[in-house]
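Per my numbering, the very first residue in the sequence shown carries number 732; after that it's consecutive.
Every residue gets a Cβ at the ideal spot worked out from N, C-alpha and C, and that includes glycine.
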Amino acid sequence: MKNIKLLSLFFILSVFACKEKSRTEIELQNIEERKENYRIEKIIPLETINNNFLGLNLKIKKNPRGYFVMDESNRDAIHYFNLQGKYIRQIAIIGEGPNNVPSLYDFILEKEGISILSGKGDHSDITFFTYDNKLINKLELEVLSDSFEILENNNYILYSGYNLPLAKFRLNEVSRKGKTIKQFLPNTYENEMLPMSENNFYRYNGQVYFKESFNPSAYIITKDSLELKYKFDFGSYKIPERFWEVDIMQGFEMISTTGFANIYNYIENENYSIFEIYIQKLGSVQNVQVIINKTNNKIYRNTISKDNNDIFYNPEGITEKNEVIFITHPTYLIEAIRNNIITESEFKEIIDSLNENDNPVLLICSIK
């Protein structure tokens, strides 16, 4: 589940060289709690066949061709489904062959195909595949990274994390020829790091939004700068400075006891900004979903326990129609029918056709 991956992320709070434009400061504890925030508009089961079994820890991206899914617990390939959820094929399969990639860190949907971020040893590569899984081009990078996106100027922006001495900057802009153009956020964290992986970027209509774990701020990346957009006050769940001064395992034991908050996910369109903020303490995890309505400046939150099997636990994206895409397990939908959380007859028919061992289901939801 998502909180397991969270424990392998280690980042500093301090941020450098950022312009502070359009900043909104938000106190998490003062946000109004509101439970019923979404209405299901459509249910899309992802077809299950014998070689595409998926968990719930997924990265999903959509374009007019369909849905493209990477299982972050497995990372065996990009799984391509059409817009109705029918399985099409695997793309960028892990392996040693000439049409394979050695690893799979992240992916970007482009007009003619998919850019794959991968790596082996002390370097990272971007490999381009067509939508019918033909390898076209491979680009070796000057920087290490496990997360990336495309900027409006068509360059790549890559996140390198806290990996001194291999990464001197956390953010690197790279040309289509693999040359480093600009660098942001100097890396000053010198302690030993453990392996890390997270989703740092979200792209909508050419705009790229950015966040990093254990940093209470969220940003928008323009063609020449990194601009602060939101900053959260986590109150008693703020990461203390002491965390970065002690042995990393000692530091984690400290904050796990006192509790800490972390921005896990950040998605945005013209009208809404949505955050998943995980609060973790003594082994328990709460998912605080913060919804910011940019048209009327209203802010709501919904706090969900990891153990509640909530069908609205995993938001993955937001569309131009203000519809939020959620991932949920068939079992959770079956429970929702039994508990009268879902009452619409057309949805009951779809859910009745599901098996408990089927692939996850996409919920397309409007915001109330």
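Exercise for review: Report the rounded CA-to-CA distance for Ile-867 versus Ile-791, giving the unit in angstroms.
Suggested key: On the sequence shown, position 136 is the one that residue 867 refers to. On the sequence shown, position 60 is the one that residue 791 refers to. So the alpha carbons of these two residues sit roughly 23 Å apart.
Check your understanding: Taking the alpha carbon of His-810 as the point to measure from, which residue in Tyr-862, Asp-856 and Tyr-933 has its own alpha carbon closest?
Key -> As a working note, residue 810 is residue 79 in the sequence shown. Minimum Cα-Cα distance from His-810 among the listed residues Tyr-862, Asp-856 and Tyr-933 corresponds to Tyr-862.
Review point. With burial defined as no fewer than 16 other Cβ atoms inside 10 Å of the residue's Cβ, what is the status of Ile-998: buried or exposed?
Key: One-based indexing of the sequence shown puts residue 998 at position 267. So Ile-998 ends up on the buried side.
Review point. Which class does Ala-1067 belong to by DSSP, given the choice of helix, strand or coil?
Key: As a position in the sequence shown, residue 1067 is number 336, starting the count at 1. Here Ala-1067 sits in helix by DSSP.
Review point. Where DSSP assigns a beta bridge to Ile-1023, which residues make up the other side?
Key: Against the sequence shown, residue 1023 aligns to sequence position 292. In the DSSP output, where bridge partners are listed per residue, Ile-1023 has Ser-1004 and Ile-1030.
Exercise for review: Examine the Cβ distances between the stretch 1061–1068 and the stretch 1024–1037 and report whether three or more of them are shorter than 8 Å.
Suggested key: For the pair of segments examined, the stretch 1061–1068 was found not to touch the stretch 1024–1037: the number of CB pairs separated by less than 8 Å stays below three.
Review point. For Thr-1059, which of Glu-1087, Tyr-933 and Ser-1076 has the nearest alpha-carbon?
Key: By one-based count along the sequence shown, residue 1059 stands at place 328. It is Glu-1087 whose Cα lies nearest to the Cα of Thr-1059.
**Study point:** C-alpha distance - Asn-886 paired with Gly-909, whole-angstrom precision
**Key:** Along the sequence shown, one-based indexing puts residue 886 at 155. Along the sequence shown, one-based indexing puts residue 909 at 178. Rounded to whole angstroms, Asn-886 to Gly-909 spans 9 Å at the Cα level.
Review point. At what residue ranges does the stretch 918–953 contain a whole run of the beta strand (DSSP E), taking only runs of 3 or more?
Key: Whole beta strand (DSSP E) segments, 3+ residues: 932–935, 938–942 and 948–952.
Practice item. Could you name the residues that DSSP lists as bridge partners for Phe-963? Key: On the sequence shown, residue 963 is found 232 positions in, with the first residue counted as 1. The partner list for Phe-963 (beta bridge, DSSP) reads Ile-757.
Practice item. Please state if the CB of Gln-1020 and the CB of Arg-1032 are separated by a distance shorter than 8 Å. Key: Counting from one through the sequence shown, the residue named residue 1032 turns up at place 301. Counting from one through the sequence shown, the residue named residue 1020 turns up at place 289. Yes. Within cutoff.
Check your understanding: Which term fits Asp-1041, buried or exposed, when burial requires 16 or more other beta carbons within 10 angstroms of its beta carbon?
Key -> Your numbering for residue 1041 matches position 310 in the sequence shown. Per the 10 Å Cβ criterion, buried.
Practice item. Determine the DSSP secondary structure at Glu-1077, reduced to helix, strand or coil. Key: As a working mapping, residue 1077 is identified with position 346 in the sequence shown. DSSP places Glu-1077 in helix when its eight states are reduced to three.
Exercise for review: State buried or exposed for Pro-829, treating a residue as buried only when at least 16 other CB atoms are found within 10 Å of its CB.
Suggested key: Taking the sequence shown and counting its residues from 1, the one referred to as residue 829 is at position 98. Around the Cβ of Pro-829, a 10 Å sphere holds fewer than 16 other Cβ atoms; the residue is exposed.
Review point. How big is the Cα-Cα spacing for Asp-978 and Asn-922?
Key: Taking the sequence shown and counting its residues from 1, the one referred to as residue 978 is at position 247. Taking the sequence shown and counting its residues from 1, the one referred to as residue 922 is at position 191. Roughly 8 Å between the two C-alpha positions.
**Study point:** Spatial distance of Pro-1102 from Pro-1091 (CA atoms)
**Key:** Nothing can be reported for residue 1102, as the shown portion of the chain is limited to 732 through 1099.
**Study point:** Distance, Gln-981 Cα to Phe-838 Cα
**Key:** Counting from 1 along the sequence shown, the entry for residue 838 is found at position 107. Counting from 1 along the sequence shown, the entry for residue 981 is found at position 250. Between the C-alpha atoms of Phe-838 and Gln-981 there is a straight-line separation of about 34 Å.
Review point. Which partner residues of Leu-866 appear in the DSSP bridge assignment?
Key: Against the sequence shown, residue 866 aligns to sequence position 135. Here Leu-866 is bridged, per DSSP, to Phe-860.
Check your understanding: Candidates Leu-1013, Phe-1006 and Asp-856: which alpha carbon is nearest Lys-962's?
Key -> Numbered from 1 along the sequence shown, position 231 holds the residue referred to as residue 962. When Leu-1013, Phe-1006 and Asp-856 are compared, the shortest CA-CA separation from Lys-962 is found for Phe-1006.
Practice item. Using 10 angstroms around the beta-carbon of Ile-912, count the other beta-carbons present and answer buried if the total reaches 16, otherwise exposed. Key: To locate residue 912, count along the sequence shown from 1; it is residue 181. Exposed.
Review point. Counting along the chain, where does the alpha helix (DSSP H) carrying Gln-981 start and finish?
Key: Here residue 981 corresponds to residue number 250 of the sequence shown, with the count starting at 1. From DSSP, the alpha helix (DSSP H) with Gln-981 extends over 979–989.
Point to revise | Alpha carbon of Ile-951 to alpha carbon of Asp-877, nearest angstrom | key: In the sequence shown, the residue the question calls residue 951 occupies position 220. In the sequence shown, the residue the question calls residue 877 occupies position 146. The C-alpha of Asp-877 is placed about 19 Å away from the C-alpha of Ile-951.
Point to revise | Beta-carbon proximity of Ile-1095 to Lys-773, cut-off 8 Å | key: Looking up residue 1095 in the sequence shown gives position 364. Looking up residue 773 in the sequence shown gives position 42. Yes, these two residues count as a Cβ contact at 8 Å.
Check your understanding: Leu-889 bridges to which residues according to DSSP?
Key -> Here residue 889 refers to the residue found at position 158 when the sequence shown is read from its first residue. Phe-879 and Asn-903, per the DSSP bridge assignment.
Point to revise | Endpoints, the beta strand (DSSP E) within which Ile-1098 is located | key: Along the sequence shown, one-based indexing puts residue 1098 at 367. For Ile-1098, the enclosing beta strand (DSSP E) has its first and last residue at 1092–1098.
Point to revise | N-terminal and C-terminal residue of the beta strand (DSSP E) that Gly-797 is part of | key: Start at 1 with the first residue of the sequence shown, and residue 797 comes out as number 66. It spans 797–802 - the beta strand (DSSP E) in which Gly-797 sits, taken as one unbroken run.
Check your understanding: Can you tell which of Ile-1081, Asn-1053 and Glu-763 has the C-alpha that lies nearest to the C-alpha of Tyr-769?
Key -> Counted from its first residue, the sequence shown places residue 769 at position 38. Nearest C-alpha to Tyr-769: Asn-1053.
Exercise for review: Give every residue of the same chain whose Cβ lies closer than 7 Å to the Cβ of Tyr-933, excluding the five residues on either side of it in the sequence, and list them in chain order.
Suggested key: Residue mapping note: residue 933 aligns to position 202 of the sequence shown, counting from 1. When the five nearest sequence neighbours on each side are left out, the beta carbons in the same chain lying within less than 7 Å of the beta carbon of Tyr-933 are those of Tyr-940, Tyr-997, Ile-998 and Glu-999, in order along the chain.
Practice item. Measure the beta-carbon distance from Ala-808 to Ile-819 and round it to whole angstroms, keeping in mind my assumption that it falls under 8 Å. Key: Locating residue 808 in the sequence shown gives position 77, counting from the first residue. Locating residue 819 in the sequence shown gives position 88, counting from the first residue. Not confirmed; about 12 Å, so no contact.
Point to revise | N- and C-terminal bounds of the beta strand (DSSP E) containing Lys-842 | key: The residue given as residue 842 occupies position 111 in the sequence shown. That residue, Lys-842, is in no beta strand (DSSP E); it is neither H nor E in DSSP.
Check your understanding: Hey, quick one: how far does the beta strand (DSSP E) through Thr-1059 stretch, first residue to last?
Key -> Position 328 of the sequence shown, counted from the first residue, corresponds to residue 1059. Residues 1054–1059.
Review point. What did DSSP end up calling Glu-1087 once you bin it into helix, strand or coil?
Key: Translated into positions along the sequence shown, residue 1087 becomes position 356. DSSP, reduced to helix, strand and coil, places Glu-1087 outside both helices and strands of the structure shown, so it counts as coil.
Review point. Can you name, in chain order, every residue of its own chain whose Cβ lies under 8 Å from the Cβ of Asp-802, other than the five neighbours on each side?
Key: Position 71 of the sequence shown, counted from the start, is the residue given in the question as residue 802. Leu-785, Gly-786, Asn-788, Leu-789 and His-810.
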